[in-house]
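The structure appears below as structure tokens.
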Amino acid sequence: MSAVGVPARHKNVNRAEVCDQNFIEFVKGWSGRSVAAAPALDAPVLPGSRCSRRDFEALFESQLISRHLDLMARVLRVQNKVFYTIGSSGHEGNAMVARLTRHTDPAFLHYRSGAFMAERCRKLPDMDPVMDSALSFAASAQDPASGGRHKVWGSKPLWVIPQTSTIASHLPKALGTAVAIEQARRIGHTLPVPQDAIAICSFGDASANHAMAQTAFNAAAWTAYQKLPAPVLFVCEDNGIGISVKTPNDWIHASFSARRDLDYFQADGLDLAAGYAQVANAVDHVRRTRRPTFLHLRTTRIMGHAGTDFEIEWRSFEELMAVEATDPLLRSTAIALEAGLHTRDSLLAMYEALRARCFAAAEEADRRPRLTTLAEVMAPLAPYTPDKVAAEAARADYGERREAAFGGADRLPEKLPPRHLAIQINHALHDLFCKYPQALLFGEDVAQKGGVYTVTRGLHKTFRNARVFNTLLDETMILGLAQGYANMGMLPIPEIQYLAYFHNACDQIRGEAASLQFFSNDQYRNPMLVRIAGLGYQRGFGGHFHNDNSIAALRDIPGLVVGCPSRGDDAVEMLRTLAALARVDGRVAVFLEPIALYMAKDLYAPGDGEWLTHYPPPNQAMPLGEGRVYDGSASGQPPGASPGPSDLTIFTYGNGVPMSLRAARSIAATHGWQVRVVDLRWLVPLNAAFIAAQAQAARRILVVDEGRQSAGVGEGVITAIVEAGAGARPLRRVVGADTYTPLAGAAFLVLPDEADIVAAADALAQADVAAA
Ligand SMILES: Cc1ncc(C[n+]2csc(CCOP(=O)(O)OP(=O)(O)O)c2C)c(N)n1
Ligand SMILES: [Mg+2]
């Protein structure tokens, strides 16, 4: 690295200062010629440009606002008044995308979208991009995007849906939103945006390589290949680098310019006069053709990746200066001066006025309240209005639609004899489809085949392609689609074929769907009901991947709800509540279906039919968190009954319920105990108060958890017991091993069984003897 010949100022470590000075010097030193008379407002800003003077003036101001927000952040970060320094400098050309689209085109933005936001703010009266951004930079509780939870680009009135920092994870839901915009018409759903809206999604050149991005490009092309509309504009803001890793020369063009069914456009984001028409072409194309479109927008990166990125430590001065010379604001300045829109002085005055405005806003934002309590932080995370949810879950005003769907009043499922779990889930889904005309069910093999286990059989026939459909084989995209439909006000019911394959796409729930209410201060919600088939004990089938018993990845997702039924009637009532939680409170609700119980009919002996249940009438639902208590019989205790004393209480869920009921019989016979089995039913969040009350009434406790020893539900149950002060009782846990599940009979070695439960009870009895 050689710094010979580099003026001292340019060696300044603080590249923000250098860029700022560069701008000022550029203006002062400009010696080009201005036209004699500035163009009229509607005339091209420069001869031949599609960008009018009016467009240019707006765009240029948006660019400068964005730049001064960046400069301000760098200064005030060190004073602890601002908490984020990833800027937009070099990317200000993205203002063109904002100007050429509408504020009702849902936008999923890159973190370098300051100018896009400033420009979009013009679409509505009384928007103040400077103050809004300042509040966000300051993590103020009044930040209109996230309420102070993160520095995100977001706005409810402007249809900018806040995104996480996980690069590329927003592409699947952007495509999902585009698909949803088109599908709404087919199901008669009224969209919250105009029918010809498009979805916009921006990201960097390095991010374009990410699996999450590639999944969306592929799914978009897969859709368009079938001549189905998917009006999404993918905007790749190519600055040639990702933090410190250079994108191979021309890679984005080489990789995307000839992709089948992903239409490629290029635009110069460094030059408003030239780039405007190019961006307009791409926007016009996607709006008109409804085809997925890739806009390759040339940008540069000024001032490093973030304030903490001291580029001179790893790049040469010459290289840095060469990059800084491509600053698009210098080009905009030249246009403004050349077109006679400004004198050098008036331009500098505008520059300084915007600087002052940004600093004043930041100082004001610093005086505004921040989040100061845990309750404030968590308020938007998991809204729960139990009365409204209960009323919605029990709402049954759709009777006539049911009769048509089930084939007549006498064939309504509540009039049929008791049936097993799979059938009752199937009936409940039919019911939800009658109740919610905006419900959609999709996933792998769910349509004509009716799912691997026929749980969705008949839905496609009754409700047709527009509402029940097979997706491509890609769990990330299935969950991305779900978020898109939810964004557009529908009720997505995606299916993940096996729990093991949820793990493949977990981030779409963990990082994305479940976090939206938090990062948007509950302004945006993506309600959905995710069905996941899982858990072990399938006889003679599958090995690990079809018998995955670990829900650890779901247990700690903030705001998520997970219900797991063990019998048909519970499944039906639980589904109604899960759908209501989604509709009323916008929750991401997971329904975990124990595959091995789908067809279970008997409980104690072959042919006893004790695991068949009646279909609950449509006005019956199960409150979130309510468990089922079995006192010596399979029928259960009425919900809410306060527990009398028991000699042994077994806490369990899923497959553990019938297993524990069988074990309970023999334990009662052997020890003469009054044995109670508690089906938790709701696994996330665990109802600690309910668990505590049950534990307090018990003399001895067994926790039967078919999950793994580490991070299983049982850990949560025992914690709730101990924290409630009920942990002094004799307590044992019967739980799966920390292993993957092997194929064939060996599968049962890793899972708890009835004999294990009986043996644990015997051990408790022996401990009694030892203590006596
Ligand atoms: C999934 C994920 N991996 C890593 C990161 C850390 N990270 C943040 S930005 C970035 C580089 C992104 O480069 P690019 O997509 O070109 O966007 P640019 O910053 O250049 O605008 C990386 C690696 C992240 N945010 N998310
Ligand atoms: Mg980049």
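As numbered in our numbering, residues 12 to 783 make up the sequence shown, in order. Using N, Cα and C, we set each Cβ at its ideal position, and we do this for glycine too. Quick caveat, the model's predicted, so the values are computed rather than measured.
Distances taken from the Cβ of residue 105 to the heavy atoms of ligand 1 include none shorter than 6 angstroms. Ordered by chain, the residues meeting the criterion of a beta-carbon within less than 6 angstroms of a non-hydrogen atom of ligand 2 are 215, 216, 217, 250, 252, 253.
Two segments are said to touch when three or more pairs of C-beta atoms, one from each, lie closer than 8 angstroms; by this definition the segment 187 to 195 touches the segment 495 to 502.
Within 6 angstroms of the C-beta of residue 176 there is at least one heavy atom belonging to ligand 1. Residue 123 has its Cβ nearer than 6 angstroms to a heavy atom of ligand 1. Within the segment 70 to 110, the runs of alpha helix (DSSP H) that reach at least 4 residues and sit entirely inside it are, in chain order, 106 to 110. Sixteen is the threshold: since fewer than 16 other Cβ atoms of the shown chains lie within 10 Å of the Cβ of residue 199, the residue is exposed. Pairing residue 730 with residue 721, the inter-Cα distance amounts to about 13 angstroms. Counting only the Cα atoms, residue 376 lies some 13 angstroms from residue 80. Cβ atoms of residue 337 and residue 281 come within 8 angstroms of each other, at about 6 angstroms. Residue environment for residue 618: exposed (fewer than 16 other C-beta atoms within 10 angstroms of its C-beta).
For residue 221, the three-state secondary structure derived from DSSP is coil.
Unbroken alpha helix (DSSP H) stretches of 4 residues or longer found wholly inside the segment 381 to 412: 385 to 389, 397 to 404, given in chain order.
Per DSSP, the unbroken alpha helix (DSSP H) holding residue 194 starts and ends at 182 to 198. The C-beta distance from residue 546 to residue 489 rounds to 20 angstroms, too long to fall under 8 angstroms, and the pair is not in contact. For residue 264, the enclosing alpha helix (DSSP H) has its first and last residue at 262 to 267. In this structure, the straight-line span from the alpha carbon of residue 302 to that of residue 234 is close to 9 angstroms. The C-beta of residue 42 has fewer than 16 other C-beta atoms within 10 Å across all chains shown, which makes the residue exposed. According to DSSP, residue pairing for residue 307 in a beta bridge involves 247, 277.
Ranked by Cα distance from residue 589, the options 71, 633, 714 are led by 633. Exclusion of the five residues before and after residue 166 leaves 155, 156 as the residues of its chain whose Cβ lies within less than 7 angstroms of its Cβ. The straight-line gap separating the alpha-carbon atoms of residue 534 and residue 594 is approximately 14 angstroms. Under the DSSP assignment, residue 366 falls in the alpha helix (DSSP H) whose first and last residues are 355 to 378. Distance from the Cα of residue 774 is smallest, within the candidate group 682, 629, 33, 168, for 682. Exposure of residue 236 is indicated by the presence of fewer than 16 other C-beta atoms within 10 angstroms of its C-beta. By the neighbour-count criterion, in which a residue is buried when 16 or more other Cβ atoms sit within 10 angstroms of its Cβ, residue 476 is exposed. Shown here, residue 768 sits in a helix according to DSSP, grouped into three states. When DSSP states are grouped into helix, strand and coil, residue 472 belongs to the helix group. Remark: C-beta atoms of residue 38 and residue 358 approach each other more closely than 7 angstroms. Straight across, the Cα-Cα distance linking residue 523 with residue 531 is about 12 angstroms. Residue pairing by DSSP places residue 615 in no beta bridge whatsoever.
Considered as a whole, the segment 658 to 703 harbours 659 to 663, 686 to 690, 693 to 695 as its complete beta strand (DSSP E) runs of no fewer than 3 residues, in chain order. The three-state reading of DSSP puts residue 506 in strand, counting E and B together. For residue 257, the CB contacts under 8 angstroms within the same chain, skipping 5 residues up- and downstream, are 251 in chain order. Per DSSP, reduced to three states, the secondary structure at residue 489 is helical. Collapsing the DSSP output to three states places residue 332 in a helix.
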